[in-house]
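Note that the numbering used here gives residue 330 to position 151 of the sequence shown, counting from 1, and the numbers run on in steps of one.
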Amino acid sequence: MSDLTPAAQSAGEPPAEAVVDLLGMLAYGELVAFDRMAVDARLAPDLRRRAVLSEMAAIEIGNYRRLADRLSELGADPEAAMRPYVRAVSDYHEQTQPNDWLEGLTKAYVGDGIADDFTREVAAVLQEPDRGLILDVLHDARLADFATAELRAAIAIDPKLANRLSMWARRLVGEGISQALRVAGERPSLAGLLAIHGTDFQALLRRLTTEHTARMDAVGLNN
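What follows is the structure in structure tokens.
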């Protein structure tokens with residue numbers, strides 16, 4: 180448990196509790212991502228696409244294992260570290276169940292993209308090896324590339340899809356922000372990570388919005 184004691188902290192270093200909270204949140208996110216992708220793969224229109232998403236699911240469970248192992252190294256119980264996030268993450272997914280293959284891809288592309296952007300911001304204040312680990316387990320870029328190609332192709336065939344998927348994306352963002360604010364209220368240590376280096380929350384939101392807008396434009400969706 181030595182890594183979790185106040186004496187182990189140096190000036191300007193994030194509190195150990197906050198690091199454990201962040202790792203716990205990400206570990207649970209990876210576990211749920213595995214479950215979600217495995218289910219969404221069954222919506223695929225053919226075996227090739229099903230195999231691609233199934234392979235991505237396998238990567239997510241590997242990432243979960245790495246995060247859980249790091250929590251154990253820090254003297255934390257991985258299950259206890261993940262437990263505070265079960266309700267918020269479950270509520271998000273219950274409110275955003277995709278109806279078809281394209282909605283599932285949009286959810287992965289938009290939802291995971293925003294989550295990754297935020298995680299990069301938070302990881303910037305961490306020390307190694309946690310910073311490197313978190314950046315390394317962000318969602319595989321191949322998923323974003325695959326989703327981009329699929330969504331572009333579908334919209335090119337049927338331009339009317341852009342409106343439906345754009346509305347769906349806005350719903351995803353709204354629900355995601357709602358649950359993120361809920362978690363921040365329940366786990367103030369996470370919000371404290373951004374305050375360590377004087378990160379301005381409004382500036383952070385603007386950066387996240389800019390990245391989200393570029394992501395939507397890249398596949399022909401409207402904000």
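Positions of the beta carbon are idealized from the N, C-alpha and C atoms, including for glycine. Every value quoted in this text rests on a predicted model; they were computed, and no experiment measured them.
- Distance from the Cα of E252 is smallest, within the candidate group A326, R385 and P308, for P308.
- In this structure, L372 sits near A197, with a CB-CB distance shorter than 7 Å.
- Closest option to K339, judged by alpha-carbon separation, among A323, L281 and D296: L281.
- The segment 293-304 makes contact with the segment 314-325, as at least three CB pairs between them are under 8 Å.
- Non-local C-beta neighbours of A217 in its own chain, meaning closer than 6 Å and more than five positions away in sequence, comprise A236, ordered along the chain.
- Taken in chain order, the unbroken stretches of alpha helix (DSSP H) that lie wholly in the segment 222-278 and span 4 residues or more are 226-252, 257-261 and 265-274.
- Here the segment 195-210 makes no contact with the segment 273-289; the two share fewer than three CB pairs at distances below 8 Å.
- Around the beta carbon of D248, fewer than 16 other beta carbons sit within 10 angstroms, so the residue counts as exposed.
- For Y207, the closest C-alpha among the options V289, A230, L284 and R262 is that of R262.
- Take the alpha-carbon of S345 and the one of N242: they are about 30 Å apart.
- Each residue's CA atom was taken as its position, placing N342 and M395 some 12 Å apart.
- A residue is called buried when at least 16 other Cβ atoms come within 10 angstroms of its Cβ; V265 does not meet this threshold and is exposed.
- The Cβ-Cβ distance between G283 and D324 does not fall below 7 Å.
- Of I356, R221, I334 and E258, the smallest CA-CA separation from A397 is found for I334.
- Scanning its chain for C-beta atoms nearer than 7 Å, with the 5 sequence neighbours on each side dropped, one finds around D270 the residues Q358, in chain order.
- In the displayed model, N401 falls within coil according to three-state DSSP, outside both helix and strand.
- Assignment of E307 by DSSP, reduced to helix, strand and coil, places it in the coil class.
- Taking A255 as reference, the option from R229, S233, I356 and D200 with the minimal CA-CA separation is D200.
- By the CB criterion at 7 Å, L250 and L205 fall outside the cutoff.
- Residue range A320 to I336 is occupied by the alpha helix (DSSP H) that includes A323.
- Distance from the CA of E258 to the CA of E209, rounded to the nearest whole angstrom, comes to 13 Å.
- Spanning the alpha carbons of R366 and A332 requires a straight line of approximately 41 Å.
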